[in-house]
Amino acid sequence: MISNLARFLGTVFFLAICSLSSFAQKDFLDDANAKFNNYQYSAAIDPFKKAYAKEKKPVKKAEILFKTAECYRYINDTKQAEIWYDKAIKAKYKDPIAQLYLADMKKINEKYEEAIVEYEKYKKLVPDDSRGEAGVEACKNAQDWKDNPTRYKVENMALINSPQSDFSPAYAKKDYSILYFTSTRPSSTGKGVDEWTGESFSDLYETKRDRNGKWSEPTLIPGTANGESNDGSPWLNERANEMTFTRCTAEQDKQLVCKICQSRKKGTGWEDVVELPFGNDSSTVGHPSLTEDELTIYFASDMAGGQGGKDIWKSNYDKKTKVWSDPENLGPTINTPGDEMYPFIHADGKLYFASNGHAGMGGLDIFWSDQKEGKWTKPENMKSPINSPGDDFAIIIEKTAERGYFTSNRVNGKGGDDIYMFWLPPLIFTLQGVAYDVDSKQVLPSTTVSITGSNGESMQINTDTAGHYFTKIAQNVTYDLVATKKDYLKDSGTETTVGLTESTDLIHDFYLQSIKVGEIRFPDVLYDLDKYELRPESKDSLDFLYKVLIDNPTIVIELSSHTDSRGSDKYNQKLSQNRAKSCVDYLISKGIPADRMVPVGYGEKKLLVSDAEIAKLETEDEKEAAHQKNRRTVFRVLRDDYVPKAASGR
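Residue 320 is where the sequence shown starts when you use this note's numbering, and the numbers rise one by one after that.
Here it is, written out as structure tokens:
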């Protein structure tokens, strides 16, 4: 949660700060500063405002405005923080950090263009600070990813969220029907109010989902695991009889210390809380997540030896000695000079975590990384809508489904931090089209469409009275399509869903050729003058005819060849017969039986362009093109009852 996250980014970190002592000050400013220095940000706002009203010196007034903005930032009131940073800048507050924070608040409040303007101002004030350019990049990412979101769907868990902060969910039952989470709602175990946030101390709560999918009113988990200060960020094993969580405590006037604790379930309650041996008085640890076998723990810490800020570490458990190994930093691929927190190790080995050090939309973004040959891959940003310009963190995901929960303080939430559910809806692919008569363009009812997938599935559909067919098809499958109808040549094609990343409605129409007509057109088989050798492009045309014969194994055709009018009748008759034969020979070479084809030469008897028409053409090129049209080969169906001969054998 941002209140917790602010602790990460400040001098203390993990869960809510304990209520530290407040000095009774007669002067409003002294009182406000005392509260501010003791992290009592919510409590400091009112005395800062009263001090501002009494202060006369402009420099002091500017400082008070800035500290008031800081208080609002730390308690996650980004709208008020934006207003007060703007006031501080207009009052000529000298530290350029106010300019950076104003840009940050505008970005979180999704005022991207305004934020970029403020970041550019900061870049001019502090050109060596990379945060200015990073802010500009984050705004551009946020706008781009918001305009082009991933397929994930996100929904606020309004039934379990409160006006306070609710965060860090964990599965507490194998079927995912029980959730544990952290909350600062008023019913907490710890007495008093956390003056950082003005809310109760954080505790662990549970909620249960009924058969209708409705979540119950959250209640404190049973037992003694919840203490007097702050408890949260739970992880439970698959049997839900052991819980690992973060506990933060502090004595009067001492710095907050966060530790990782474990508790075992006895009966219906959680008891026997023990600390795990990570961290020391100069560091703090939290946000545990264990592997499925419970032998490796991942957690966040600011301990020495990291990359800077808060890093993700891991430790291995030795079953024989019952000792955890010294923590190991995950290294610079995962960790940055910024903060990496809230790890979640998935059953498939992927690591999910929150970071403000990798390029993102701003604040904390959720990333994932996998291990390849023992090394972590470059973290991938989960983008919008899972990430937002605010802080997004503490994700959990089911074993076998792309759904789960995470926490965000994005705008329009119910409280400071809210729990969101997310899921990846299935891709839906459909295939439809219409069967037509290729010549008349009339629709063809009762056409059979055969669909065969590369996954081995097949189906047949008959077109309706409008010649239309429709079916659902599968993802990552290539389909062979064939349309058949009596007295028509088959038409075929291919469609595929391989590589498609969005739900798609594929359209595939069929155009069937009637075999009752005379001459059937297909890509021209053309010849050079006085030649009967096939051109390369003519072989392509004959390959089309080859496919027709393969798709329609019962037809017998006449291949008719024609010449132009140049040359004698006898010569042209012989030439056309040779041309028809060259076509038949080519098809025989590809495996078509000779008795399915009858070559016929018509010479110059059936010109498409007459000599009289050619004589009227103006240029030699036009006349040659007309003669070329006359030099052609076409086919027609003689009958549709061919029976293939049985293969001979010994």
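Virtual Cβ for every residue (Gly too), placed ideally from N, Cα, C.
Asked, Found
"Exposure of ALA623, with buried meaning 16 or more beta-carbon neighbours within 10 Å", "exposed"
"Element boundaries [beta strand (DSSP E), containing PHE748]", "748–756"
"Top-ranked residue by Cα proximity to LYS406, from LYS368, GLY723 and THR749", "LYS368"
"LYS805, buried or exposed, once every other Cβ within 10 Å from all chains shown has been counted against 16", "exposed"
"C-alpha distance - GLU943 paired with ARG950, whole-angstrom precision", "11 Å"
"Rounded straight-line distance, which links the Cα of PHE355 to that of THR568", "19 Å"
"Straight-line Cα distance separating GLY752 from ASN774", "22 Å"
"Simplified DSSP assignment, three categories, for PHE789", "strand"
"Every unbroken alpha helix (DSSP H) inside the region 635–663 [4 residues or more]", "none"
"The region 522–531 in contact with the region 449–469 per 3-pair CB rule at 8 Å", "no"
"Reduced DSSP secondary structure (H/G/I, E/B, other) of ASN728", "coil"
"Proximity to MET562 [Cα-Cα], best of SER759, ILE826, GLY542 and VAL576", "GLY542"
"Residue environment, GLN626, which counts as buried when at least 16 other CB atoms sit within 10 Å", "buried"
"The region 433–451 in contact with the region 689–705 per 3-pair CB rule at 8 Å", "no"
"Inter-residue Cα distance where the pair is ALA754 and THR813", "15 Å"
"Start-to-end residues for the alpha helix (DSSP H) that takes in PHE367", "360–373"
"Rounded separation between GLU611 and ASN556 - CA only", "7 Å"
"Own chain partners of GLY650 with C-beta closer than 8 Å, once the 5 adjacent residues on each side are dropped", "GLN626 and TRP695"
"Rounded separation between ALA363 and PHE520 - CA only", "18 Å"
"Member of ILE874, TYR851, ASP859 and GLY920 whose CA lies at the smallest distance from the CA of SER901", "TYR851"
"Three-state secondary structure assigned by DSSP to THR543", "coil"
"Rounded C-alpha distance that separates ARG955 from VAL917", "10 Å"
"Validate contact between the region 411–420 and the region 439–450 using beta carbons, cut 8 Å, 3 pairs", "yes"
"Beta-carbon spacing of VAL762, ALA785 below 7 Å", "yes"
"For LEU957, three-class secondary structure by DSSP", "strand"
"Whole beta strand (DSSP E) elements within the region 818–901, 3-residue minimum", "823–826, 829–831 and 875–881"
"Where the beta strand (DSSP E) through GLU525 begins and ends", "522–527"
"Residue nearest to ASP914 in terms of C-alpha spacing, selected from LYS948, VAL875 and THR938", "VAL875"
"Contact check, LEU845 vs SER857, beta carbons under 7 Å", "yes"
"First and last residue of the uninterrupted beta strand (DSSP E) at ASP550", "549–555"
"Beta-carbon proximity of LYS430 to ALA381, cut-off 7 Å", "no"
"Same chain only: Cβ atoms within 7 Å of PHE347, ignoring 5 sequence neighbours per side", "PRO366, LYS369, ALA370 and LYS373"
"Rounded C-alpha distance that separates GLU525 from THR501", "9 Å"
"Cβ neighbour criterion (16 or more within 10 Å) applied to MET701", "buried"
"Contacts around GLY657, its chain only, beta-carbon distance under 6 Å, and the 5 residues preceding and following it disregarded", "GLY628, ASN675 and GLY676"
"Range covered by the beta strand (DSSP E) that runs through GLY812", "810–815"
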